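J.: One structure, as C-alpha cells, below. Some questions next.
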Amino acid sequence: MTEGAKRWTCVEAGCSYELVAADVPSAIQGAQRHIAEAHGSFELEEMIEDVLEDVPESEAGSWSQPTP
Amino acid sequence: MATTDHQDLDPSVVAKFHFTREMIEGPVYRKYQKAMRKFWSVEDLNFTQDARDWATIDDDQKRGLLGVTVRFLAGEQNVTNELVPMLAAAQALRRFDWTVYVATFLMEEAKHAEFFMRWHKEVVGALEPEEVAQHFLVRGKTIDPSGRFKVHDVLHEALPYYGRRLLESTLAGTEAEIERAFIAFSAAYNAFVEGVLTMPSYEIVIDTTTSWNAFPTLRQGFKLILMDEGRHITFGTYACKLLIEKDPSYEEEVHRVFDKYRGNIVGLVEYQKAVPGLDLGKYQVMKVRHYRNRCREMGITPDDTLIEQIVDPTIDFVVGVEAG
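Residue numbers (this note's numbering), protein chains in the order written: chain Y, 7 to 74; chain H, 729 to 1052.
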C-alpha cells in the first residue's frame, strides 16, 4: 500500500457513503466508524485496507468528510 | 555481502532459495508477519465466567446458542482438515510467500477449533462427538417454498470437493489447471464460506452475548478469531485477484461457485430465529456488503441477480428449517 490520501466507499445495500482520508490508518478508522454508526456492524481492518484507492494530490487537498 | 556478479552460479543451487526483496515487501508476506505479531493462545483465556453464565440461562437460550457454537465447532475442525490442498498448490505454483502465509493460516484454523473445543468442554461440559452432534443444525433439511433454491452444506460438501480437485490438479495438472482449481477452491473457502456466509454468524454471537451481558470469553474468542479471518479472507481474494489478472477467464470460476451455492446465501441465517430478539434484517442485508467487498477485493464484477435475491423480501426461507 502506497503512502498518501486514500478513498474508501461503503458497499452496504443502499449506501453510497464515500470518504477520503489523509492516510491508511485514518481511512480505516473512518470506515469502521461509518459501519458501526450507520449499519450497526463492523468491518475488519484488512477488508478496508485491501480496497483503498489512491487519491490524486489535487483531490486530497480538499480532504472531505463525506455524507452518509 | 551483496554482489551483482551472478554469472558463475549454478541455477540448480539458486533454485534452492525462495526469499526475494520484492516478496518480503509484498502484501502476502506482510500478512505472515502480522499473523506472527498478533499471535494469541487459547490457554490464556479464562472460561470461568462463561461457565457461570451457562448455569443461569434458560433452555431456549441454551438451544439457540448451541445451534451456533456447535456449527462453529464442526466448521473449524473441517476447515483445518481441508486447507492442505491450498498449501500444496502454493508450493506447486512456486509462490513461497503464499506457502509461509498459509502455514500460519493452517495453524490459526487449528487454534480456532481448539477454542471451540475448550469452550464446549469447560462451559457446556460437552466434548465427545456424540455429545455435541445432537445440537448440530442440519442445513440439508431446508425447504424453499418457492422451489427455486437448493441449500447445501457448503462447508462439508463444497470444500472437500474443491479441495480434492485442487489436490489432483496440483499433483498431475498443468500450471493453468492448478490456478483454475485454486480460484475455485479459494472462492468457495475464503470468499464464500469465510467471507460472506459466516460473517453474519460472528455478528449474531457478538450481538447476542452483548445483549445478554453474558459469555465474555465466547465474545472475546469470536473477536480474536475474526482478526485472523480478516487475513485469511483477504489472502484468498488477493490470490484470486492476481490469478484473474493473469487470465481473466478465471473469473467465471468464482461466479460458478457462488451460483451453485446461492441458496445458502439468499436464505436467512438459521441462527437468527434460533436466538430470540435479534434484528433479522441486519444480518441479511450485510451479506450484500460482504459479497460486494469480496468481489471488489478480487477485482471482479458482482452478480447483480444474487444481490437482488439477497435483499428480496419475498425470499424468506430459513436455512436449516423445513418450512420457511
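For every residue, glycine included, the Cβ atom is placed at its ideal position computed from N, Cα and C.
Model, not experiment: these values are computed from the prediction.
#1: Taking 7 Å as the CB-CB cut-off, is residue 1014 of chain H touching chain Y?
#2: From the DSSP output, in three-state form, read off residue 859 of chain H for me.
#3: Can you name the residues of chain H whose CB is closer than 7 Å to the CB of residue 50 of chain Y?
#4: Can you tell me where the alpha helix (DSSP H) holding residue 783 of chain H begins and where it ends?
#5: Under 7 Å, do residue 959 of chain H and residue 759 of chain H count as touching if we go by C-beta distance?
#6: Excluding five sequence neighbours on each side, which residues of the same chain lie with their C-beta closer than 6 Å to the C-beta of residue 74 of chain Y?
#7: With 7 Å as the threshold, decide whether the Cβ of residue 1021 of chain H is near any Cβ in chain Y.
#8: If you draw a straight line from the C-alpha of residue 796 of chain H to the C-alpha of residue 62 of chain Y, how long is it?
#9: Hey, residue 779 of chain H and residue 860 of chain H are a contact pair by Cβ (cut 8 Å); roughly how many whole angstroms apart?
#10: Is it the case that the Cβ atoms of residue 972 of chain H and residue 922 of chain H are separated by a distance below 7 Å?
#11: In the DSSP assignment, find the unbroken beta strand (DSSP E) run with residue 25 of chain Y in it and report its ends.
#12: Whole angstroms are fine: how far does the CA of residue 884 of chain H sit from the CA of residue 803 of chain H?
#13: How many Å lie between residue 947 of chain H and residue 933 of chain H at the Cα?
#14: So if I threshold CB-CB distances at 7 Å, which residues from the region 7 to 29 of chain Y count as touching chain H?
#15: With 16 as the cutoff for other CB atoms within 10 Å, does residue 981 of chain H come out buried or exposed?
#16: Spatial neighbours of residue 777 of chain H within its chain, please: CB distance less than 6 Å, with the 5 preceding and 5 following residues excluded, ordered by chain position.
#17: For residue 59 of chain Y, which beta-bridge partners are listed by DSSP?
T.: By the coordinates alone:
#1: Mapped onto the second sequence, residue 1014 of chain H falls at position 286. So, interface residue.
#2: For the purposes of this step, residue 859 of chain H is taken as residue 131 along the second sequence, with counting starting at 1. If DSSP states are grouped into helix, strand and coil, residue 859 of chain H belongs with the helices.
#3: As a first step, residue 50 of chain Y is located in the first sequence; it is residue number 44 there, counting from the start. Within 7 Å Cβ-Cβ: 954, 958.
#4: Here residue 783 of chain H corresponds to residue number 55 of the second sequence, with the count starting at 1. First-last of the alpha helix (DSSP H) with residue 783 of chain H: 776 to 784.
#5: By one-based count along the second sequence, residue 959 of chain H stands at place 231. By one-based count along the second sequence, residue 759 of chain H stands at place 31. Yes. Within cutoff.
#6: Position 68 of the first sequence holds residue 74 of chain Y. The pLDDT assigned to residue 74 of chain Y is 45, lower than 50, so where the model puts this residue is not dependable; a value taken from the coordinates is nonetheless given after this. Within the same chain, residue 74 of chain Y has close Cβ partners 23, 44.
#7: Here residue 1021 of chain H refers to the residue found at position 293 of the second sequence. At least one chain Y Cβ lies under 7 Å of residue 1021 of chain H.
#8: Numbered from its first residue, the second sequence carries residue 796 of chain H at position 68. Numbered from its first residue, the first sequence carries residue 62 of chain Y at position 56. Taking the straight line joining both Cα atoms gives about 45 Å.
#9: On the second sequence, residue 779 of chain H is found 51 positions in, with the first residue counted as 1. On the second sequence, residue 860 of chain H is found 132 positions in, with the first residue counted as 1. No, residue 779 of chain H and residue 860 of chain H are not in contact; Cβ-Cβ is about 16 Å, not under 8 Å.
#10: Stepping through the second sequence from its first residue, residue 972 of chain H is reached at position 244. Stepping through the second sequence from its first residue, residue 922 of chain H is reached at position 194. Contact: no.
#11: Translated into the one-based positions of the first sequence, residue 25 of chain Y becomes position 19. Element bounds for residue 25 of chain Y: 24 to 27.
#12: As a position in the second sequence, residue 803 of chain H is number 75, starting the count at 1. As a position in the second sequence, residue 884 of chain H is number 156, starting the count at 1. Distance between the alpha carbons of residue 803 of chain H and residue 884 of chain H: 8 Å.
#13: The sequence position of residue 947 of chain H within the second sequence is 219, counting from 1. The sequence position of residue 933 of chain H within the second sequence is 205, counting from 1. Whole-angstrom Cα-Cα distance: 7 Å.
#14: 17, 18, 19
#15: Reading the second sequence from its first residue, position 253 is the one you call residue 981 of chain H. Buried, by the Cβ-count rule.
#16: Position 49 of the second sequence, counted from the first residue, corresponds to residue 777 of chain H. 944.
#17: To locate residue 59 of chain Y, count along the first sequence from 1; it is residue 53. Residue 59 of chain Y is bridged to Y/13.
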